[in-house]
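Protein chains in written order, with UniProt numbering: chain Y, 1 to 368; chain H, 1 to 286; chain B, 1 to 297.
Yeah, the Cβ is synthetic: ideal placement off N, Cα and C, and Gly gets one too.
What you are looking at is a predicted structure, and each value in this text was computed from that prediction instead of being measured.
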Amino acid sequence: MRPGRGDIELAGLCKSYDGVTNVVDGVNLKIPDGAYCCFLGPSGCGKTTILRMIAGHEDPTVGEIVIGGENVVGLAPVERRTAMMFQSYALFPHLTVRDNIAFALRVRGQSRLERYRAVDLMMEKVRLTELADRLPANLSGGQQQRVALARAAITEPRVLLLDEPLSALDEQLRVRMRQELRRMQRELGITFVHVTHTQLEAIALADIVVVMEKGKIKQSGPARDVYAYPCDRYVAEFLGGQNVLSGKVEKVGSDHLVISQPHRAGIHVGVHPDRRVGIGDRIDLAVRRDDIELMRATSGEPGGGATALPSRVLAIEYQGSFVKVMLDTIPDEEFIAYVPERTFFQDPFNVGDVLLATWSAGRARVLA
Amino acid sequence: MSRQSWVAWLYVTPLMLVLVPFFLIPILVVLVASVLETDGFGGLIPTFTLANYVGVLTSAQTFHLYAATLKFTALTWFFTLVIGFLVAYFLVFHVKNQLLAISLFLICTVPFWTSNIIRMISWIPLLGKEGLVNSALLGTGIIREPLEVLLYSSVAVVIAYVHQLTIFMVVPIFNSMARIDKRVVEAALDSGASRLDVMRLIIIPMSKSGIALGSIFVVSIVMGDFFVVKVMSGGGSASVVSAFYENVGVLQYPIAAASAVLLTVILIVVISLILRAVDIRREITQ
Amino acid sequence: MTAVLERLDVPMVKSRRHAAAPRSDRRPWTFYALATVFTLYVAALYGPMICIYILSFQDVRGGLVFPMKGHSLHWFVDLFTQVRTGDVKGSFDRSIKLAVLVTVITLVVSFMAGLAFRRRFFGDMFVFYLMIGSLVAPGLVLGIGIGLLFQWLGINASWYTSALGAQLSWTLPFGVLVMFAVMSRFDSAWQEAARDLGASRWQTIRLVVIPILAPGLVAVALFGFTLSYDEFARSLQTAGSLNTLPLEIWSMTLNVTSPSLYALGTVTTIVSFVAIGVSIGAIVLINRRRGTGPASH
Chain Y
1 MRPGRGDIEL AGLCKSYDGV TNVVDGVNLK IPDGAYCCFL GPSGCGKTTI
51 LRMIAGHEDP TVGEIVIGGE NVVGLAPVER RTAMMFQSYA LFPHLTVRDN
101 IAFALRVRGQ SRLERYRAVD LMMEKVRLTE LADRLPANLS GGQQQRVALA
151 RAAITEPRVL LLDEPLSALD EQLRVRMRQE LRRMQRELGI TFVHVTHTQL
201 EAIALADIVV VMEKGKIKQS GPARDVYAYP CDRYVAEFLG GQNVLSGKVE
251 KVGSDHLVIS QPHRAGIHVG VHPDRRVGIG DRIDLAVRRD DIELMRATSG
301 EPGGGATALP SRVLAIEYQG SFVKVMLDTI PDEEFIAYVP ERTFFQDPFN
351 VGDVLLATWS AGRARVLA
Chain H
1 MSRQSWVAWL YVTPLMLVLV PFFLIPILVV LVASVLETDG FGGLIPTFTL
51 ANYVGVLTSA QTFHLYAATL KFTALTWFFT LVIGFLVAYF LVFHVKNQLL
101 AISLFLICTV PFWTSNIIRM ISWIPLLGKE GLVNSALLGT GIIREPLEVL
151 LYSSVAVVIA YVHQLTIFMV VPIFNSMARI DKRVVEAALD SGASRLDVMR
201 LIIIPMSKSG IALGSIFVVS IVMGDFFVVK VMSGGGSASV VSAFYENVGV
251 LQYPIAAASA VLLTVILIVV ISLILRAVDI RREITQ
Chain B
1 MTAVLERLDV PMVKSRRHAA APRSDRRPWT FYALATVFTL YVAALYGPMI
51 CIYILSFQDV RGGLVFPMKG HSLHWFVDLF TQVRTGDVKG SFDRSIKLAV
101 LVTVITLVVS FMAGLAFRRR FFGDMFVFYL MIGSLVAPGL VLGIGIGLLF
151 QWLGINASWY TSALGAQLSW TLPFGVLVMF AVMSRFDSAW QEAARDLGAS
201 RWQTIRLVVI PILAPGLVAV ALFGFTLSYD EFARSLQTAG SLNTLPLEIW
251 SMTLNVTSPS LYALGTVTTI VSFVAIGVSI GAIVLINRRR GTGPASH
């Protein structure tokens, strides 16, 4: 059986439990066939509800869910040809690994012989053959996840829906299972929709990252776009790795602006010529933490078009490949620089040192 | 009504098919019988009368019966509570091995699933005039004459009640105590609370719902009992329900019904007083 | 009572209880005091029962009190052969049949009610309080109400109609309360997973819900069986002309003064113990087979 087209389109999707507030509020999104899509957002942002609506465990209040060109609202999960991997897996505790995976075939009325043949193939694929007769209680977290994956995949879905699939695992295993998920997705060649609140997980896995807030999509696109070019303060802060500043426009140049704010002036930021900004406008801007260069205050001013803000070192955290330096660049707001480990230890700073935090105008971006 | 409610009602229909004809309607029947006249031969004459209530409420016997019943209830409640609390406390807070605690708990609960009557009559060889207790006391020279008060007396009634009903205290109190996070107790001890403080400020308040639930069981069973009183008092004491049983025996249904209604009202008052202290549904369903 | 099985499901609560850091091994004096209270309680709980079991094995000279007079099975034979002691065999038979019937009905009805009560529904508190009412109502009064009702309707009271209903009004509240405790552990994600994999409503119940809840259902059955088998107050006025075993024991307590009474006590307790043993054994076995029992840890 060919999986068929697994492209998903959500159109005007809304969900309300009480008829007053929308948990999911007008979501429009296209996910191409065979893509790995991650919904990212804090708990309560509606991402799991969207997943459950795609799965058919909940009905939308308004809107359409189209899978492979067919509106599936009202259809049972099997008829949608979707399969879901539940948070903490919901493996059946009374069934062995083999019978857990065979469950879908069993309820379709396949004979024991027939379904075990299919299951054995699947178990080989996810390296579970050794564990076939174990019960879920006797499996490690990673093994449980593989069983859950196999149990979902055996239905030959065109879309696999994963609800926080890695949250039950410890840190090291999480990284390993991430690769496993990606590998399975490539092998199965079907659409994966994955819900998570961990940005690292989302950008590591996804072709498309969808950032959500309060039932609405804030930004969606390829992982790198969302990470490197967040559209607004919320996305920038949620994905991390950025320092977000706000201020008033002082000067408008051809390709850059100069911003000032109560504590700091002379902040240069590049701007797209199409973007219309007037003097006096309040804007947010973002600078990646690894784009910030720290200089001793004595070593002179940086070149033109660059921003240099005097800052005191508040704290230093060693992170292995880089060093995280917390600064008081903008009073009362977080401002962090990631300094490559080798660079840092050539001339290490101490807490209390006064430095210049610098970046060139092109590295700073104006946010919506 | 929502679709969900309809489905739920579908699922509780069989339950209602038992509770309505075998609880709700029979109680209403008793209520109706209490305001009818009797023909003296077990038949009821459909004439409304309050004479039964007047008869019950003005009789000195009623007063004695209620006094006796309340006395038994209070004594039983007190002893079952003290013993039940101590046993539950021991199992939850002093037995460190989980498996052992559960085994000991099961040992406490097994008699619940055996016959009450047998457990009651099993006191005869112990408490009788020639029973083990008297022999032991005589043997050690503490008493010269065998104590007659042990069996077929109020003492025997209370002993039998406590023997049967302590389990109804142990189980719910154990249950609520087991839910107390041990770290709360340790935190209290670390912050300088004495063990008395811990008991007074943490364990008792947090076991309150279990105590209430156990009290409901004990109070309602003692107040509704008749056979323990009848057998263990040797006919010397009576309770509201044993008098009711006598009335039924001589086919005095309306009088019996009136006294039953009165008892039920009192029972409801007592239980609702207990319920004010605790949300029983939350306690049971969690 | 719901706690009884919560405790039987050892493993699920295991990790939670001893999360606190171990304290010093020296036990406080209260440990010894309370251990004494506990021991005395258990002794008082079982002591008298054990006495009558022992006394039931006396020979023909036996009386109601110690000392033992000889050893024999005389009173057990007496129990089933003497007319004087009533129709023990017949009532025994009826009680077992009735208990099985009550068990099956209690199991099915409690299970369904347990499913309904997982979510709030319109009128749920009414059903709940009706159930609690049925639980705490004085058994004899309820029995007489049922007796009168049957009399007015012109139906003969018998053990398999009115007494069956009367006993269910007692076993069902217990059964449903136990189901509440069992259901509170049931993760609805299992049901959703089954639905997701294409199971119909009935397949979900048969292949997922019932097997997962099996230990709890065994406990419900235990309550159904033993509570019915030992039920007395509600059966007294509803059993009609033929006695159940507790009614037989009741009439014996009033007129039999021989160790036959104890022999009957021994026999009926053995039946209860078998039921308890089978149930607990089944629960432990199921849990162990799932690899969640104490054995695998």
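Starting from the beta carbon of residue i, find every residue of chain B whose beta carbon is closer than 7 Å, and list them in chain order.
i	result
A104(Y)	L197, G198
H94(Y)	P211, I212, R290
R108(Y)	G198
V78(Y)	G198
By a C-beta neighbour count over all protein chains shown, 10 Å radius and 16 as the cutoff for buried, is residue i buried or exposed?
i	result
F72(H)	buried
D230(B)	buried
W202(B)	exposed
W113(H)	buried
G143(B)	buried
K47(Y)	buried
S2(H)	exposed
L251(H)	exposed
W190(B)	buried
W123(H)	buried
G236(H)	exposed
D59(Y)	exposed
W29(B)	exposed
Enumerate in chain order the residues of its own chain whose CB-to-CB distance from residue i is below 8 Å, with the five nearest sequence positions on each side excluded.
i	result
F80(B)	V88, K89
V222(H)	T69, F72, T73, T76, W77, Y161, L165
Strictly below 9 Å CB to CB, what residues from chain B border residue i?
i	result
Q61(H)	The contacting residues do not exist; Q61(H) stays about 18 Å from chain B at best.
F274(H)	The sequence shown places Ile at residue 274(H), rather than the Phe named in the question. Within chain B, no residue comes near I274(H); the closest Cβ sits about 11 Å away, beyond 9 Å.
A258(H)	Here the premise fails: no neighbours, minimum Cβ distance about 11 Å.
Using a Cβ cut-off of 7 Å, pull out every chain H residue sitting near residue i, in sequence order please.
i	result
D145(B)	First, the residue type needs correcting, since residue 145(B) is Gly and not Asp in the sequence shown. Within 7 Å Cβ-Cβ: P26, I27, V29, V30.
Counting only Cβ pairs nearer than 9 Å, list the residues of chain H close to residue i.
i	result
D230(B)	W113, T114, S115, N116, I117, I118
M49(B)	P111, T114, I118, R119, S122
Here's a check: name, in chain order, each residue in its chain whose Cβ is nearer than 7 Å to the Cβ of residue i, leaving out the five neighbours to either side.
i	result
V248(H)	A256
A21(B)	Because A21(B) carries a pLDDT of 43, less than 50, the predicted location of this residue cannot be relied on, and the following value inherits that uncertainty. Result list for A21(B): empty, nothing under 7 Å.
Residue i touches chain Y at which residues, Cβ-Cβ below 8 Å?
i	result
V208(B)	F92
A221(B)	Ordered by position in chain Y, no residue passes the 8 Å Cβ test against A221(B), which lies about 18 Å from the chain.
E192(B)	H57, M84, F86, A90
D187(B)	A90
So which residues of chain B does residue i contact, with C-beta pairs closer than 8 Å?
i	result
T155(Y)	L197, G198
G224(H)	V136, A137, P138, G139, L140, V141, A233
V241(H)	P138, L140, V141
What does residue i reach in chain H if we use C-beta pairs closer than 8 Å?
i	result
A113(B)	Y11, V12, P14, L15
In chain order, what residues of the same chain have a beta carbon less than 6 Å from the beta carbon of residue i, not counting five sequence neighbours either side?
i	result
F217(H)	F168
S215(H)	I274
S293(Y)	For the sequence presented, residue 293(Y) should be read as Glu rather than Ser. So the qualifying residues of the chain are T358.
Please list, in chain order, the chain Y residues whose beta carbon lies closer than 9 Å to that of residue i.
i	result
Q203(B)	R106, V107
In chain order, each alpha helix (DSSP H) run of at least 4 residues that lies wholly inside the segment 196-233 of chain Y: 199-205, 223-228
- prompt: Quick check: the segment 85-105 of chain Y against the segment 113-129 of chain Y, are there 3 or more CB pairs under 8 Å?
  reply: yes
- prompt: Counting only runs that start and end within the segment 53-137 of chain H, where is the alpha helix (DSSP H) found for 4 or more residues in a row?
  reply: Positions of the alpha helix (DSSP H) runs, each at least 4 residues long and wholly inside the segment 53-137 of chain H, are given as 60-89, 98-109, 116-121, 124-127 in order along the chain.
query: Along the chain, which unbroken stretches of the beta strand (DSSP E) at least 3 residues long are found entirely within the segment 151-178 of chain B?
result: None, since the segment 151-178 of chain B contains no complete beta strand (DSSP E) of that length.
query: Would you say the segment 270-278 of chain Y touches the segment 288-297 of chain Y, given that touching needs at least three Cβ pairs under 8 Å?
result: no
query: Is the segment 242-249 of chain B touching the segment 193-207 of chain B in the sense that three or more CB pairs, one from each, lie closer than 8 Å?
result: no
- prompt: Would the segment 128-138 of chain B and the segment 98-106 of chain B be scored as touching if the rule is three or more Cβ pairs under 8 Å?
  reply: no
- prompt: Are the segment 261-272 of chain B and the segment 101-119 of chain H in contact at 8 Å, needing three or more beta carbon pairs?
  reply: yes
- request: State whether the segment 18-34 of chain H contacts the segment 249-263 of chain H, with contact taken as three or more CB pairs (one from each stretch) at a distance under 8 Å.
  value: Yes, since at least three Cβ pairs between the segment 18-34 of chain H and the segment 249-263 of chain H fall closer than 8 Å, the two stretches touch.
field: Touch test, the segment 343-358 of chain Y against the segment 312-325 of chain Y, Cβ-Cβ under 8 Å, three pairs minimum
entry: yes
query: Can you list, in chain order, the stretches of the beta strand (DSSP E) that have 3 or more residues and sit fully within the segment 61-116 of chain Y?
result: Taken in chain order, the complete beta strand (DSSP E) segments of 3 residues or longer contained in the segment 61-116 of chain Y are 62-67, 82-85.
- prompt: Hey, is the segment 34-54 of chain B in contact with the segment 79-90 of chain H, meaning 3+ C-beta pairs nearer than 8 Å?
  reply: yes
message: Using a Cβ distance threshold of 8 Å, determine whether the segment 171-181 of chain H contacts the segment 147-163 of chain H, with at least three qualifying pairs required.
response: no
field: Inter-stretch contact at 8 Å, needing at least 3 Cβ pairs: the segment 54-72 of chain Y / the segment 224-239 of chain Y
entry: no
- request: Any chance you could list the alpha helix (DSSP H) runs of at least 4 consecutive residues sitting entirely within the segment 202-288 of chain B, in chain order?
  value: As far as the segment 202-288 of chain B is concerned, its whole alpha helix (DSSP H) runs of at least 4 residues are 210-229, 233-236, 245-255.
- prompt: Does the segment 178-188 of chain Y come within contact of the segment 209-224 of chain Y, defined as at least 3 CB pairs closer than 8 Å?
  reply: no
message: I'd like to know if the segment 54-66 of chain B and the segment 180-189 of chain H are in contact, where contact means that at least 3 CB-CB pairs between them fall below 8 Å.
response: No, the segment 54-66 of chain B does not touch the segment 180-189 of chain H.
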